[in-house]
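S.K.: Before I ask anything, let me first share the structure, which is written out below as structure tokens.
Protein chains: 2
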Amino acid sequence: MARKATPARTRAVRAAKATVPARGERKRGGPRAAAASENTPYHHGALRDALLQAAERVLERDGLSGLTLRAVAREAGVSHAAPTHHFGDLTGLVSELAAIGFRQFNAAMAAAGASATAPLEKAMARARTYVAYAQAHPGMYGLMFRTERLDMSRPSLCEAANASFAGLAGAIGASRQEQISEQALSLGQAADIARAWSLVHGFTMLLLDGRLTDILHRLPKGTDAGMLLDAMLKRAIGQVPVA
Amino acid sequence: MARKATPARTRAVRAAKATVPARGERKRGGPRAAAASENTPYHHGALRDALLQAAERVLERDGLSGLTLRAVAREAGVSHAAPTHHFGDLTGLVSELAAIGFRQFNAAMAAAGASATAPLEKAMARARTYVAYAQAHPGMYGLMFRTERLDMSRPSLCEAANASFAGLAGAIGASRQEQISEQALSLGQAADIARAWSLVHGFTMLLLDGRLTDILHRLPKGTDAGMLLDAMLKRAIGQVPVA
DNA sequence: ATGTTATCTTTACACCGTAAAGATATGGTT
DNA sequence: AACCATATCTTTACGGTGTAAAGATAACAT
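Read top to bottom, the protein sequences are chains A and B. Using our numbering, the first residue of the first sequence is number 1, and each one after it goes up by one. Using our numbering, the first residue of the second sequence is number 1, and each one after it goes up by one.
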């Protein structure tokens, strides 16, 4: 509700030759460094990235329902129709943002997989990292999984999401001590993958949706979600692969 | 996109003393049966229930993003502001609809729990029923779990959702052969509940989101989601309680 | 220097949620 | 029987949203 209505603000400022930059000091490291140094230029220079960063801020601040094309444009200080030129429509922007989320997520998971050595410890570390990412970036995680407004045909999103799945499948394959093919899966392999993914994804969704707060509230004082996750996995792990 | 724009249609029809009923033949079993028999009355008589039924139709037909107050009003054949009077706002209507979903779901789960006798069979039957409900009513299930537009302080929704959780907890308690208290939980109990719920909820969400289609596609021809669910649970069940 | 193209703004429109006021039927009171 | 309070439904209105189309401006190639 802050920043009520500023239509034609940047334009008016520019027309009046004002010196205060509405959106100055961008990186713009490439060409044209000393063209119009301080006063806000008509061309942003790196608006696409700036819009994505603004979108992530809006998402984590105002939630998924607050993530609108116009809100992102306001956050970036450009006209409300500027995002359309770079992303086509809202689905496009959301999908590109989700792709960024998957890349962040994949990086975190790769780091977690490299940390521990024992297979059981490695599986636990991966699960903890999975949930921790979702807790640190709830808006992003929701965007990546709970929205139907994703265009999976977009190469960047498809690629990042597939990489995420490949990481999971690879971890399951390692715990089964076998190579998992890109094409065919045995029912046992698929069951192991689905079990591990369902467990951790389901726990994450229930946690983010607040469906576990009652349970956590009834537990001995001081028990948090991480401890519940550990307890949940400890009896599932070892019996069957969990990642 | 059908039914483009019919503003003031019902009103105009009524004003012109037309005989064709725009929303005739309601139940209206209570009072005033022979007042104005055929021509659409100003007072609907059971608009609240009719709006909820219309909302469910819109939800399953057009998805969650198509579930708007105005679309529901159109579906029910009343003015766009009529739902507001009965539900306050969109959150109110969505919450009441979710409560209906939970009651449907609880009825299905209760029937599944009564069918099988052996504890292992009962657990599998419950899991299959859980997923089957979500597949039969994907819009409803999404509404019940994946939206932040629910007002859990509404008594009807809170009660129905709590009943659903109580059913789960009771089943876990039975499989552990112990009574589960309403107030306190041991970590082991909570872990069993969280594990069962996460497994089946996670599987359901991934399935509805299309995240498992790749896996299913790589499986031997003819393998469907139900078989994958069975295989996933078969190695989790018995080792640990799954419900 | 000039024309092409990419980038960004302005304008416009339909749909949405919501509030407020008007219209109409119901029921109770006198 | 007349009357009024109330509940129900419609109309009107306003700001916000996505999106399309046209205009303005800067960068670039020639």
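We put the beta carbon where it would ideally sit given N, CA and C, even for glycine.
Could you tell me which of B:G222, B:A190, B:M205 sits nearest to A:L212, measuring between CA atoms?
M.R.: Cα-wise, what sits closest to A:L212 is B:A190.
S.K.: Taking B:D192 and B:I172 to be in contact with their CB atoms under 8 Å, please state how far apart those CB atoms are, rounded to whole angstroms.
M.R.: Rounded, the Cβ-Cβ distance is 5 Å, consistent with contact.
S.K.: Cβ atoms of A:A71 and A:L51: under 8 Å apart, would you say?
M.R.: The answer is no: Cβ separation not under 8 Å.
S.K.: Smallest Cα separation from B:R146: which of B:V58, B:L206, B:R61?
M.R.: Measuring from the Cα of B:R146, the nearest candidate turns out to be B:L206.
S.K.: Since B:G88 meets chain A, which of its residues come closer than 9 Å, beta carbon to beta carbon?
M.R.: By Cβ distance, chain A contributes nothing, its closest Cβ being about 18 Å from B:G88, past 9 Å.
S.K.: How far does the alpha helix (DSSP H) with B:S156 in it extend, from its first residue to its last?
M.R.: Residues 155 to 175.
S.K.: Cα separation between B:G30 and A:A127?
M.R.: Confidence at B:G30 is low in this model, with a pLDDT of 31, below 50, so its placement is unreliable and the value that follows should be read with caution. Each residue's Cα considered, the two are about 58 Å apart.
S.K.: How many angstroms separate the CA atom of B:A98 from the CA atom of A:R61?
M.R.: Answer to the nearest angstrom: the Cα atoms are 26 Å apart.
S.K.: Along chain A, which residues have their Cβ under 8 Å away from the Cβ of B:F145?
M.R.: Correct list: M205, D209, R211.
S.K.: Determine the direct distance from the alpha carbon of A:L120 to that of B:T68, and round the result to whole angstroms.
M.R.: Roughly 48 Å separates the two Cα atoms.
S.K.: Quick check on B:R23: does DSSP put it in helix, strand or coil?
M.R.: Any reading at B:R23 must be qualified, since the residue scores a pLDDT of 41, below 50, and its modelled position is unreliable; the value itself is stated next. It is coil, neither helix nor strand.
S.K.: Any beta carbon of chain B sitting closer than 8 Å to that of A:E178?
M.R.: No, no contact with chain B.
S.K.: Is A:I180 helix, strand or coil by DSSP?
M.R.: Residue state, collapsed to three classes: coil.
S.K.: Taking the beta carbon of A:H137 as the centre, do at least 16 other beta carbons fall within 10 Å, making it buried, or is it exposed?
M.R.: A:H137 comes out buried.
S.K.: Do A:L199 and B:S198 have their C-beta atoms within less than 8 Å of each other?
M.R.: Taking 8 Å as the Cβ cut-off, A:L199 and B:S198 qualify as a contacting pair.
S.K.: Could you give the C-beta distance for B:S95 and B:L150, rounded to a whole number, given that I count them as a contact under 8 Å?
M.R.: The pair is a contact, with the Cβ atoms about 5 Å apart (cut-off 8 Å).
S.K.: Report the neighbours of A:T68 on chain B: residues whose CB is nearer than 9 Å to its CB, in chain order.
M.R.: What A:T68 touches in chain B: nothing, since even the nearest Cβ is about 13 Å away.
S.K.: For A:D209, is the classification buried or exposed, using 16 other Cβ atoms within 10 angstroms of its Cβ as the cut-off for buried?
M.R.: Buried, by the Cβ-count rule.
S.K.: Just how far apart, CA to CA, sit A:D49 and A:A108?
M.R.: If I take the Cα positions, the gap works out to 21 Å.
S.K.: Output the distance between the C-alpha atoms of A:R103 and B:A111, rounded to the nearest integer angstrom.
M.R.: Approximately 44 Å, taken between the alpha carbons.
S.K.: Would you mind sorting B:K122 into buried or exposed? The rule is 16 or more other CB atoms within 10 Å of its CB.
M.R.: Answer is buried; the Cβ neighbour count reaches 16.
S.K.: I want to see whether chain B comes within less than 8 Å of A:L199, judged by CB atoms only; does it?
M.R.: At least one chain B Cβ lies under 8 Å of A:L199.
S.K.: Does A:A191 come within less than 8 Å of chain B when only Cβ atoms are used?
M.R.: At least one chain B Cβ lies under 8 Å of A:A191.
S.K.: Applying a beta-carbon distance threshold of less than 8 Å, which residues of chain B neighbour A:L187?
M.R.: Residues of chain B passing the Cβ test: L219, P220, T223, M227, L228, A231.
S.K.: Comparing alpha-carbon positions, which option in B:V131, B:S156, B:G101 lies nearest B:M144?
M.R.: For the residues B:V131, B:S156, B:G101, the minimum Cα distance to B:M144 belongs to B:G101.
S.K.: Can you tell me whether B:A236 is buried or exposed, with buried defined as 16 or more other CB within 10 angstroms of its CB?
M.R.: B:A236 should be labelled buried.
S.K.: Following the continuous alpha helix (DSSP H) through B:R149, name the residue where it begins and the one where it ends.
M.R.: That residue, B:R149, is in no alpha helix (DSSP H); it is neither H nor E in DSSP.
S.K.: Helix or strand or just coil, what does DSSP make of A:R70?
M.R.: Correct three-state label for A:R70: helix.
S.K.: In the structure shown, what three-state DSSP assignment does B:P119 receive?
M.R.: In the structure shown, B:P119 sits in a helix (DSSP, three-state: H, G or I).
S.K.: How would you call A:T117, buried or exposed, if buried means at least 16 neighbouring beta carbons within 10 angstroms?
M.R.: It counts as exposed.
S.K.: If we count the other Cβ atoms within 10 Å of its Cβ and call it buried at 16 or more, is A:G202 buried or exposed?
M.R.: A:G202 is buried by the Cβ-count criterion.
S.K.: For the candidate residues B:A54, B:F87, B:S186, B:E182, whose alpha-carbon lies nearest to that of A:M232?
M.R.: Nearest C-alpha to A:M232: B:S186.
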